[in-house]
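Notes for the one structure printed next.
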Amino acid sequence: MDNELLTTTLATSNVTTVLTNLNRTDVDNFQFPEDEVPKPPLLVVKPLYCHSLPGQFILKCYRREIHFTWIPPDTKIAKAMVKFREFHQPKFTTMSDYGWGHSGVKYRNHTITSLKPNRLYEFGLNLIYENSTFDRFPKIGSKDICACKTYPDVPDAPLDLRYHYMQGNQYTLEWTPNDDNGEPIITYNMKSMPIVSSNSEQPKWDSITPHNLTDKQANITLDTNHQSAFQLRAVNKIGMSDPAYLIIRPPFQKVPDKSIFCLARFFECQHFSFNFQSTLNSIIAIHLKSEVFSDKK
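Numbered by full-length UniProt numbering, the letters in the sequence shown go through residues 1 to 297 in order.
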């Protein structure tokens with residue numbers, strides 16, 4: 001039904017109602033194109049030597065990763081297991097990548113990924129010696145720990161992004177701020193692009209200057225009265241978050257100086273609770289009844 005124009009005349013009021021389906025497939029299958037934004041600068045970190053663990057245990061903490069190196073001591077160790085946890089958590093996570101190491105292992109080098117920014121992580125060791133005795137580090141109740149803190153990062157993407165129509169091409173946006181990851185959110189970056197036919201060249205994201213911006217709300221004015229893709233990013237001094245996306249659908253509009261109402265994307269518009277198909281059926285039924293009534297006359 002793409003780009004079809006459905007019309008019917010209501011004989012009782014002599015008003016032509018136009019229902020249009022403007023590239024519905026394009027909108028339903030719309031893929032938000034990626035937008036290039038500056039990436040946070042790479043970190044240069046100093047190694048941290050943990051003297052509370054046997055051997056040489058070296059940590060390098062980044063924003064969401066921790067790299068560790070362990071060189072075992074000369075003590076006759078049969079098996080070893082590296083473990084870590086977010087500080088003050090009740091249990092350690094053991095390094096299942098290695099499990100209990102073999103006696104021949106003399107060096108371990110690994111990067112733990114998908115960690116949280118601006119968090120303190122503690123490391124430890126479980127050791128089984130060749131004489132079958134067991135030991136764990138840090139010792140229970142010990143205040144001497146091996147730990148490092150990940151660096152702050154860009155914020156997490158805003159949550160619950162939604163909009164309300166005001167007038168003309170003006171909208172109010174609302175969202176829920178997400179974790180700032182250690183650096184306060186200082187502003188929000190907004191961009192939009194019109195959703196065009198798949199046969200046309202894909203437009204690019206254009207920046208939007210919001211009005212009355214707060215930490216969870218803003219007013220915007222779009223430069224088009226067609227459906228638009230919208231993205232919102234939180235910004236701190238590290239950089240921009242991943243985007244939260246939204247499709248903004250304008251409500252129906254009256255065509256100036258004509259008794260024609262253009263219900264663009266009528267059945268998709270979130271401002272209406274009634275169903276397109278049932279509304280279309282009702283209009284056709286009224287039309288047919290009027291024709292029958294006219295014939296009887």
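Ideal Cβ positions, reconstructed from N, Cα and C, are used throughout, including at glycine. Predicted model, so just to flag it, every value in this text is computed and none were measured.
Here the C-alpha atom of proline 243 lies approximately 10 angstroms from the C-alpha atom of valine 37. DSSP links tyrosine 121 through a beta bridge to Glu86 and Cys148. In the three-state DSSP reduction, isoleucine 208 falls in the coil class, being neither helix nor strand.
Counting the other Cβ atoms within 10 Å of the Cβ of asparagine 181 gives 16 or more, which makes it buried.
Distance from the CA atom of alanine 78 to the CA atom of arginine 63, rounded to whole angstroms, is 34 angstroms. In chain order, Cys61, Asn118, Arg119, Leu120 and Tyr121 place their CB closer than 8 angstroms to the CB of lysine 149, counting only its own chain and leaving out the 5 sequence neighbours on each side. In the displayed model, threonine 133 falls within coil according to three-state DSSP, outside both helix and strand. Judged by DSSP secondary structure, leucine 42 falls outside any beta strand (DSSP E); it is assigned neither H nor E. For leucine 53, no beta strand (DSSP E) segment is defined, and its DSSP state is neither H nor E. In the displayed model, tyrosine 165 falls within a strand according to three-state DSSP. The C-alpha of glycine 124 lies about 25 angstroms from the C-alpha of aspartate 153. When the five nearest sequence neighbours on each side are left out, the beta carbons in the same chain lying within less than 8 angstroms of the beta carbon of isoleucine 247 are those of Val27, Phe30, Ile195, Gln227, Ser228, Ala229 and Phe230, in order along the chain. Around the C-beta of proline 90, fewer than 16 other C-beta atoms lie within 10 Å, and the residue is accordingly described as exposed. Between the stretch 207-223 and the stretch 168-184 there are three or more inter-stretch CB-CB distances shorter than 8 angstroms, so the stretches are counted as touching.
Counting along the chain, the unbroken beta strand (DSSP E) around proline 194 starts and ends at 187-194. In the three-state DSSP reduction, lysine 237 falls in the coil class, being neither helix nor strand.
Residue pairing by DSSP leaves glutamate 65 without any beta bridge partner. The straight-line gap separating the alpha-carbon atoms of lysine 143 and phenylalanine 137 is approximately 11 angstroms.
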